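Step one of this worksheet: look at the structure below.
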Amino acid sequence: MTTLLEITELANGDVVLREADTEAESHNEPLVRIRFSGEVRDMLGKDLVSVAEAMIDAATEYLEADADEAEEMVDDVPPTVH
6 MTTLLEITEL ANGDVVLREA DTEAESHNEP LVRIRFSGEV RDMLGKDLVS
56 VAEAMIDAAT EYLEADADEA EEMVDDVPPT VH
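Using this note's numbering, read the sequence shown as starting at 6 and increasing by one per residue.
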């Protein structure tokens, strides 16, 4: 089963990544929360969510690359002969 995720800006200015579950939206704890300072929020303006999305994308790519690297390391380990 695939989980649908959403990136959204909350009323307090935080940008969150959470499961897009319309039935339990009020009980949906964010998977990631990005809190920008007021100065940065003002500087980014309407690009705030786009910048947060790019940050989340970069983290996802890093984790995927790290997982691929770990898998390659496992593949490189020679079998143990007893």
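Glycine included, every Cβ here is placed at the ideal spot set by N, Cα and C. All of these numbers come straight from a predicted model, not from anything done at the bench.
Residues bridged to residue i [DSSP beta-bridge criterion]
i    : result
Glu2 : The structure shown does not extend to residue 2, since the chain is modelled only from 6 through 87, so no value can be given for it.
Unbroken alpha helix (DSSP H) run spanning residue i, endpoints
i     : result
Arg40 : From DSSP, Arg40 is part of no alpha helix (DSSP H); its letter is neither H nor E.
Straight-line Cα distance separating residue j from residue i
i     : j     : result
Glu11 : Glu58 : 10 Å
Thr85 : Ile61 : 39 Å
Arg40 : Leu15 : 10 Å
Thr13 : Asp19 : 8 Å
Asn33 : Tyr67 : 25 Å
Ala72 : Asp26 : 27 Å
Leu53 : Gly43 : 11 Å
Lys51 : Ala70 : 30 Å
Anticipated Cβ contact below 8 Å, residue i with residue j, distance rounded
i     : j     : result
Val37 : Leu49 : That pair is no contact at about 17 Å.
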